[in-house]
Amino acid sequence: VRLNYPKTGVSLSIIDFGNTEKVGKAYTIMPFMEFELHNRWRFLMGVGGSYMDTQYNLETNPFNKAITTKLNMSLRAFMYYNIFKNSKMNWRFGFGLIHHSNGHSRLPNQGLNSLLVSISSTIDSKSSHTNFKKPLSRPKKVNTHQAYFSTRFGFGQNVLSEIFNDKKPVYTVAFSAGKIINKTFKFGGGFYYRFYKHYYDYIKNNEALVVEEFPIFKTNPFGYASNFGLFGSVEILIDHFGFEFELGLNIHKPFYQIDWKLNAGYSFRNANNELVVTLGELDWYYEIKRTISSRIGLKYYFITNEKTPKHNLYLAAHINANFGQADFTELSLGYVYRAKLKEHKK
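Per our numbering, the very first residue in the sequence shown carries number 235; after that it's consecutive.
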């Protein structure tokens with residue numbers, strides 16, 4: 235009710251990127267949520283997965299640096315405007331973004347971002363209105379709020395660079411607290427910690443940049459392979475599902491200096507077939523990406539949120555990013571404790 239009777243479901247789609255030989259097609263399955271914003275405007279958001287039938291290959295398809303793996307995560311955000319509606323059909327204009335990425339599980343991974351416009355229609359089923367009865371009087375609106383405390387443990391995977399291109403784990407833990415408004419809108423903030431196995435191994439193996447520029451990392455490999463910071467989160471709860479977005483501030487992520495140098499530079503072979511590597515510079519854009527983290531994903535709660543359970547568990551899939559650029563893909567198990575529900579009528 236708080237979201238004006240939102241629609242939820244699962245969409246199946248085939249996406250042609252306009253170059254079937256080099257980029258190919260995406261076959262996507264995506265849980266979604268759609269709700270009314272104002273009058274004729276509606277908003278749709280979805281998180282799912284895609285199978286890509288064409289990938290990057292150094293010899294046969296070297297220019298497709300967007301997609302390197304067959305399985306990828308997909309995100310969709312769309313605005314719709316109702317143009318014409320009758321008893322059977324609803325015609326509408328839409329525009330939005332669809333994103334595909336492997337979550338930094340293999341490089342190169344520039345990702346595919348598609349800005350789209352659409353003309354579409356929805357078909358209303360007659361049976362969906364058969365048992366509906368208009369209430370005799372409008373019920374009183376009850377506003378509620380509920381404090382919560384939550385913790386989660388996650389396991390992710392990523393790669394370090396095109397040279398260090400094997401997947402290694404990222405371990406995460408986070409604690410947060412906040413409020414749930416009207417059983418639907420969840421606002422919170424907290425603290426996160428991450429440990430990158432790739433960072434740790436690069437230091438322990440005494441790789442080139444550690445020897446040449448960051449020898450201090452060898453004094454505490456575990457500490458310099460760690461990352462921690464603060465975050466704020468927004469989540470929309472519908473039944474068993476939650477769509478979540480987080481924005482964070484990295485307090486400690488020292489190894490990202492090496493990460494950036496390896497990935498923001500470029501390499502080529504000269505006339506003598508020698509590999510020439512130019513490292514990335516620690517410029518202002520590096521500072522932004524090192525500082526700002528983000529996280530978006532989908533949760534499944536074991537107990538429906540409509541029951542406002544005191545204790546609840548959830549499973550979640552997220553993409554973690556450095557200022558929008560994928561860092562690692564993560565699966566997590568979380569626990570939520572809710573305090574007493576408080577309400578007042580208007």
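All C-beta atoms, glycine included, are put in the ideal place defined by N, C-alpha and C. Only a predicted model underlies this, so the values are computations on that prediction, with no experimental measurement involved.
Ranking Thr378, Ala551, Arg276 and Ile301 by CA distance to the CA of Asn347 puts Ile301 first.
The beta-carbon separation of Tyr382 and Ile414, rounded to 6 Å, stays under the 8 Å limit for a contact.
In the three-state reduction of the DSSP assignment, Arg503 falls in the strand class, which pools E and B. No residue range can be given for Pro342, since it is assigned to no alpha helix (DSSP H) and is classified by DSSP as neither H nor E. Distance from the CA of Asn291 to the CA of Asn556, rounded to the nearest whole angstrom, comes to 26 Å. Gly568 has its alpha-carbon roughly 29 Å from the corresponding atom of Asn343. Per DSSP, Gly282 is one residue of the beta strand (DSSP E) stretching across Trp275 to Met286. Nearest Cα to Leu331 within the set Trp325, Met313 and Arg340: Met313.
In terms of CA proximity to Phe389, Tyr427 leads the group Ser410, Asn416, Tyr427 and Glu469. Proximity to Glu469 across Trp325, Gly463, Arg326 and Leu481 peaks at Leu481, based on C-alpha coordinates. Remark: C-beta atoms of Val407 and Phe387 approach each other more closely than 8 Å. CA-to-CA, the gap between Ala550 and Phe251 works out to about 29 Å. Look at Tyr290 here: in three-state DSSP terms it is coil, with no helix or strand label. For Glu469, the enclosing beta strand (DSSP E) begins and ends at Ser460 to Ile472.
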